[in-house]
Ligand SMILES: [Zn+2]
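In the numbering used here, the protein residues as written are 1 to 210.
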């Protein structure tokens with residue numbers, strides 16, 4: 001694997017909080033009818049490639065293999081969604097000041113254990129970096145990285161900055177609040193934030209005329 005590949009993969013795991021990005025692959029996640037963004041194994045691979053977890057040739061290899069093992073690929077997609085929901089519940093709970101449910105932590109720990117044997121330390125450009133070596137025929141290497149990212153965020157100082165969109169329609173988007181006084185309330189001001197503002201403006205106006 002090239003040096004650049006290792007670096008990109010490491011960045012994706014350690015700096016971008018891959019786990020939050022993955023948790024947000026269902027939109028309107030806190031509503032009764034979330035909108036699924038991962039509807040096929042191909043979409044899961046595309047997501048991982050887009051985040052620098054897979055090089056194009058690795059992504060191609062996985063898709064080829066998935067074509068030969070459709071049933072296994074569907075099972076991996078199911079596993080991915082289960083892991084995503086587990087991670088989503090843990091961080092949503094944390095954003096509300098609650099601990100993660102023991103069953104969810106057990107599930108995350110199982111995913112971590114499944115990925116642990118594949119991770120290794122390799123020399124990087126300066127010092128050492130994380131890399132992994134996928135077992136021949138494994139269709140789920142992106143999930144090891146997601147589980148690892150969740151574990152790292154849960155044990156990092158950034159955990160205090162994990163927030164969830166306050167939108168009352170059930171946006172549910174998880175984010176890292178980098179505002180100085182931890183005051184971020186919405187996923188993006190352009191969507192949920194402006195809507196909330198417009199509504200309170202409307203409500204105020206409405207009251208004035210009552
Ligand atoms: Zn939102």
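Cβ coordinates follow ideal geometry from the N, Cα and C atoms, glycine included. Just so it is clear, the structure is predicted and the values come from calculations on it, not from any experiment.
| field | Inter-residue spacing [alpha-carbon to alpha-carbon] between residue 115 and residue 140 | value | 9 Å
| query | Terminal residues of the continuous beta strand (DSSP E) containing residue 176? | reply | 174–176
| task | Count the other C-beta atoms from every protein chain shown that fall within 10 angstroms of the C-beta of residue 188, then say buried if there are 16 or more, exposed otherwise. | result | exposed
| message | By the three-class DSSP mapping on this structure, what secondary structure does residue 149 have? | response | helix
| Counting along the chain, where does the beta strand (DSSP E) carrying residue 163 start and finish? | 162–164
| query | How about residue 43 and residue 35: are their beta carbons less than 8 Å apart? | reply | no
| request: Quick one: using the 10 Å Cβ neighbour count with 16 as the cut-off for buried, is residue 127 buried or exposed? | output: exposed
| field | DSSP bridge partner residues for residue 123 (one or two, in chain order) | value | 128
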